[in-house]
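Asks:
In our numbering, the protein residues as written are 776 to 959.
#1: Between 834, 933, 845 and 878, which lies nearest to residue 894 when the distance is taken from Cα to Cα?
#2: Out of curiosity, what's the CA-to-CA distance linking residue 899 and residue 874?
#3: Quick one: what's got a C-beta closer than 7 Å to residue 856's C-beta in the same chain, skipping five residues either side?
#4: Around the C-beta of residue 836, are 16 or more other C-beta atoms found within 10 angstroms, so that it is buried, or is it exposed?
#5: List the whole-angstrom C-beta distance separating residue 827 from residue 848, where the pair is believed to meet the contact cut-off of C-beta under 8 Å.
#6: What does residue 834 pair with, by DSSP beta-bridge criteria?
#7: Is residue 913 buried or exposed, if buried means 16 or more other CB atoms sit within 10 Å of its CB?
#8: When the distance is taken between beta carbons, is residue 843 closer than 7 Å to residue 934?
#9: Compare the Cα-Cα distances from residue 865 to each of 937, 888, 949 and 926 and report the closest residue.
#10: Can you name the start and end residues of the alpha helix (DSSP H) that residue 916 belongs to?
#11: Sorted by chain position, which residues of the same chain lie with C-beta nearer than 8 Å to residue 860's C-beta, five sequence neighbours on each side aside?
#12: Where does residue 801 sit, in a helix, a strand or coil, going by DSSP?
#13: Please report the straight-line C-alpha distance between residue 879 and residue 831, rounded to a whole angstrom.
#14: May I ask which residues mark the beginning and end of the alpha helix (DSSP H) holding residue 944?
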């Protein structure tokens with residue numbers, strides 16, 4: 776990391792603007808062979824420092840772990856020991872990460888991260904896969920512009936709610952091929 780980047784990360788706020796949530800452009804892979812706009816974010820998360828997703832913006836991170844994905848929305852803590860196993864990140868909206876100023880800020884951010892996890896957990900408790908997919912898409916469309924959500928890859932939603940990417944594709948196309956009694 777060059778000295779200019781190092782100085783930028785030592786400031787109180789790190790901001791990465793992602794005007795278009797396009798999976799190919801913003802997916803950041805652990806192997807480091809390819810440099811995408813979000814690669815600085817993945818490096819930050821793997822540094823084990825704790826950051827907070829700015830609660831004053833409509834932004835967030837989809838954090839891809841080995842077998843699942845998590846969404847960290849506004850106010851949520853990211854990084855630290857909790858996300859050192861993150862393999863990819865997908866920034867949502869005009870992402871802004873803040874450094875917690877106090878122990879209390881950090882604790883509040885961890886509580887908010889737990890709330891975001893609980894929201895996804897509530898969605899995944901539905902035994903019908905197509906309904907899980909529709910609910911997570913609806914939740915994202917309530918918070919982010921529909922055109923941004925439509926550009927999210929099927930694999931992102933699939934890993935968030937525990938279904939196959941093909942199931943997400945079927946639901947997005949109208950769900951006529953999806954039999955609600957069958958779990959995919």
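Ideal Cβ placement from N, Cα and C applies to all residues, glycine included.
Replies: Quick look at the numbers:
#1: 845
#2: 31 Å
#3: 823
#4: buried
#5: Between residue 848 and residue 827 the Cβ distance is about 11 Å, and since that is not below 8 Å, they are no contact.
#6: 868
#7: exposed
#8: yes
#9: 926
#10: 904-918
#11: 840 and 841
#12: Model confidence at residue 801 stands at a pLDDT of 41, short of 50, so the residue's coordinates are unreliable and nothing is read from them.
#13: 18 Å
#14: 940-947
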